[in-house]
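Read left to right, the sequence shown gives residues -12 to 206 (this note's numbering). A quick write-up on the structure given underneath.
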Amino acid sequence: MEGEFDILIPTSHPFEEEVECELRRLVARHKWPIERAGLSVSFVMRQSEVSSSDVSQFKAIENGQATGWVKLFFNHLFLIQNPGAFIRQIVPHEMAHAWTKARCVAANEKPHNRHDNVYIARHQSLTQQPIKEHGDLISMFDARPLRLVSNGQPARCSCKGDSGFWVLKPTEADNLAREPIKCPRCLRPVGIVDDTKVPEAIREQCAYIHWWKSNGKSS
Ligand SMILES: [Zn+2]
Ligand SMILES: [Zn+2]
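Here it is as structure tokens:
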């Protein structure tokens, strides 16, 4: 890895290739602070995360240097749901976390999940766009299909159409009698329904998830 910065990213979809382009551009623009690091990128489908990063295979050596791979994980379903937002917001956001953690390891500090102000300031001056808060990021994507394929329970409130369709976690569904869940829009309680009430678009995404996982992308 001497001199060259390695990015290991097996892509299998045109949007994944766009993520790769964006990562290469970010690494070049921001001057990755750790010389002997590589980025190893995987596309996964985890219902609770849009993206995550991991530095457990990355070690401090000496003089503020570290070596190994910084791992990035991006949620493939959320990428194809909203590729523009994913590439403009999620990719630089996760890079801010990865960058921070890598600097911590190089400095022999415990990695943490706060954002690196140097990276954020540089990114905002380059893109003229503020990095969004986590809640705002998650609200740009729809986790219902992922919940549904993980034994989530289909449910509805009184809101019409897609927006009244809910997928409860199995524990939420079990507790529904004791702890009713109220829709923040119609203020009516959410109730369990059968599979025939699953909207067509969500049904299609569930089929896609099964296809994707059966093609060797098991996560
Ligand atoms: Zn963050
Ligand atoms: Zn409602």
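Even for Gly, the Cβ is constructed at its ideal location relative to N, Cα and C.
Take the Cβ of residue i as the centre, count every other Cβ of all protein chains shown within 10 Å, and call the residue buried at 16 or more, exposed below.
{"i": "His121", "result": "exposed"}
{"i": "Met(-12)", "result": "With a pLDDT of 38 at Met(-12), under the threshold of 50, the modelled position of that residue is not reliable, and the figure given next carries that caveat. Its Cβ having fewer than 16 others within 10 Å, Met(-12) is exposed."}
{"i": "Asn62", "result": "buried"}
{"i": "Glu215", "result": "Because the chain in this structure spans residues -12 to 206, residue 215 falls outside the shown range and cannot be described."}
{"i": "Leu13", "result": "buried"}
{"i": "Cys91", "result": "buried"}
{"i": "Trp19", "result": "buried"}
{"i": "Lys58", "result": "buried"}
Could you spell out the range, first to last residue, of the alpha helix (DSSP H) harbouring residue i?
{"i": "Asp161", "result": "Pro157 to Asp161"}
{"i": "Val6", "result": "Pro1 to His17"}
{"i": "Gln68", "result": "His63 to Gln68"}
Less than 8 Å between the CB of residue i and some heavy atom of ligand 2, yes or no?
{"i": "Arg131", "result": "no"}
{"i": "Gly151", "result": "yes"}
{"i": "Ser145", "result": "yes"}
{"i": "Arg75", "result": "no"}
{"i": "Cys8", "result": "no"}
{"i": "Arg165", "result": "no"}
Measuring from the CB of residue i, is there a heavy atom of ligand 1 at a distance below 8 Å?
{"i": "Asn100", "result": "yes"}
{"i": "His121", "result": "yes"}
{"i": "His80", "result": "yes"}
{"i": "Ala83", "result": "yes"}
Mind checking which residues open and close the beta strand (DSSP E) that includes residue i?
{"i": "Ile(-6)", "result": "Asp(-7) to Leu(-5)"}
{"i": "Ser27", "result": "Ala24 to Val31"}
{"i": "Ser38", "result": "Ser38 to Asp41"}
Thinking residue i and residue j are a contact (beta carbons under 8 Å), I'd like their distance in whole angstroms, please.
{"i": "Ile67", "j": "Phe2", "result": "6 Å"}
{"i": "Lys156", "j": "Arg134", "result": "7 Å"}
{"i": "Gly51", "j": "Ala89", "result": "So it is not a contact: roughly 11 Å between Cβ atoms."}
{"i": "Ile(-4)", "j": "Val28", "result": "4 Å"}
(message) So within the region 74 to 131, which uninterrupted alpha helix (DSSP H) runs reach at least 4 residues, ignoring any that extend past its ends?
(response) Entirely contained in the region 74 to 131, the alpha helix (DSSP H) runs reaching 4 residues are, in chain order, 78 to 93, 104 to 114 and 121 to 125.
| message | Extract the residue ranges of the beta strand (DSSP E) inside the region 144 to 193, only unbroken runs of 3 or more that lie entirely within it. | response | Complete beta strand (DSSP E) runs here, min 3: 152 to 155.
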